[in-house]
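**Student:** Questions regarding the structure given below will be posed in turn.
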Amino acid sequence: MNELLQNISEKLQKGKMPEVVALTEQAVSEGLDASDILNGLLDGMGVIGEKFKRNEVFVPEVLIAARAMNAGLDVIKPLLEEQGVEPVGKVIIGTVKGDLHDIGKNLVRMMMVGAGLEVIDLGVDVSPEKYIAAVEENNPDIIAMSALLTTTMPNMKAVIDALEEKGLRNKVKVMIGGAPVTDNFAEEIGADRYTVDAASAAEVAKELILN
Ligand code: B1M
798 MNELLQNISE
808 KLQKGKMPEV
818 VALTEQAVSE
828 GLDASDILNG
838 LLDGMGVIGE
848 KFKRNEVFVP
858 EVLIAARAMN
868 AGLDVIKPLL
878 EEQGVEPVGK
888 VIIGTVKGDL
898 HDIGKNLVRM
908 MMVGAGLEVI
918 DLGVDVSPEK
928 YIAAVEENNP
938 DIIAMSALLT
948 TTMPNMKAVI
958 DALEEKGLRN
968 KVKVMIGGAP
978 VTDNFAEEIG
988 ADRYTVDAAS
998 AAEVAKELIL
1008 N
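Numbering (the numbering used here), first residue to last: 798 to 1008.
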């Protein structure tokens, strides 16, 4: 990783939001590739994740690092979202009920917008009722759900059950993702697709809509 990206990663780990924003802007103006800049940001968040696991940092540090990460993501958002004119289809995205993690979800949203999809973002802690209301209102092609906690993964199934109860299951494809989610889990709860990262989520969403 070049020195500037390394610097972004280190400032992110320290939660230095203004510095992360300034360095990310510098990387953009120096013409670095958006995906390389993203890797610098992800590297910093990855280090924080490992330290969190080992109890070397705690929720407040993770929270300020996450704020810096989201601010850096906002800088490269226009680059990640560069797209054609006509939306290919419509996606509703959110992090499931009880879960406040939104960095991965935001990344998926940006990649999907970049792939030419219209994306309606319901935010975090989204209840099955809110998903249903959004489906009824917007008639999307896909619902994309993110979960980062093993304890909130069952809420993905609750959304699928609610779609079935309302007779909406056949009208939308369901995609799921997030660190603890797997292909097996997707099969078990009757989701249409699991994807491991934001780039493949955008690719698969397009594939599901166009095929
Ligand atoms: Co929390 N947290 N956290 N956390 N946090 C994890 C997830 C954890 C693994 C850390 C650990 O212990 N090692 C652990 C979960 C353990 C488990 O359930 N197995 C954990 C815990 C326990 C908690 C709390 C319970 C801690 C506490 O309070 N004691 C608490 C829960 C709060 C809640 O949600 N109710 C909590 C809180 C927080 C913060 C608020 C401090 C903060 C979130 C801030 C925010 O998001 N705005 C936070 C963070 C930042 C993390 C870690 C460190 C980083 C997550 C992240 O953003 N990664 C995380 C540790 C880790 O993952 N290594 C951890 C970067 C992001 C780009 O990756 O989200 O995985 P990710 O997204 C990936 C893919 O998964 C995929 O695409 C992205 C990559 O391209 N993807 C999708 C994601 N969503 C998708 C949806 C799709 C497709 C792909 O749809 C189709």
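The beta carbon of each residue, even a glycine, is placed where N, CA and C say it ideally should be.
Out of E816, E858, E879, E847, point me to the one whose CA is closest to D830's CA.
**Tutor:** It is E879.
**Student:** Give the secondary structure of K970 by DSSP, where H, G and I count as helix, E and B as strand, and everything else as coil.
**Tutor:** Reduced to three states, the DSSP call for K970 is strand.
**Student:** Buried or exposed: which applies to L1007, given that a residue is buried once 16 or more other Cβ atoms fall within 10 Å of its Cβ?
**Tutor:** Exposed, by the Cβ-count rule.
**Student:** Helix, strand or coil, according to DSSP, for R851 in the structure here?
**Tutor:** Of the three classes helix, strand and coil, the one that applies to R851 here is coil, per DSSP.
**Student:** Could you check where the beta strand (DSSP E) with M942 kicks off and where it finishes?
**Tutor:** That run of the beta strand (DSSP E) goes 939-943.
**Student:** Work out the CA separation of E934 and V916 for me, nearest whole Å.
**Tutor:** Each residue's alpha carbon lies about 14 Å from the other.
**Student:** Would the C-beta of F982 count as close to ligand 1, meaning under 7 Å from any of its heavy atoms?
**Tutor:** Outside the cutoff, so no.
**Student:** Between which two residues does the alpha helix (DSSP H) containing V916 stretch?
**Tutor:** Run containing V916: none in the alpha helix (DSSP H); it sits in the beta strand (DSSP E), 915-918.
**Student:** Is D994 near ligand 1, in the sense that its beta carbon is under 7 Å from a heavy atom of that ligand?
**Tutor:** Yes, since a heavy atom of ligand 1 falls inside the 7 Å radius drawn around the Cβ of D994.
**Student:** When you measure from the CB of M942 to every non-hydrogen atom of ligand 1, does any distance come out below 7 Å?
**Tutor:** Because some heavy atom of ligand 1 lies under 7 Å away, the Cβ of M942 counts as near it: yes.
**Student:** L914 and K1003 - do their beta-carbons sit closer together than 8 Å?
**Tutor:** Yes, Cβ-Cβ distance for K1003 and L914 is below 8 Å.
**Student:** Beta strand (DSSP E) containing V888: first to last residue?
**Tutor:** Note, V888: beta strand (DSSP E), 887-892.
**Student:** Going along the chain, which residues of its own chain have a beta-carbon closer than 6 Å to the beta-carbon of A983, five neighbours each way excluded?
**Tutor:** Taken in chain order, the residues that qualify are I973, Y991.
**Student:** So the candidates are P977, M950, G964, A996; which of them puts its Cα closest to the Cα of I986?
**Tutor:** The residue with the shortest Cα to Cα distance from I986 is M950.
**Student:** What are the boundary residues of the alpha helix (DSSP H) that includes M798?
**Tutor:** That residue, M798, is in no alpha helix (DSSP H); it is neither H nor E in DSSP.
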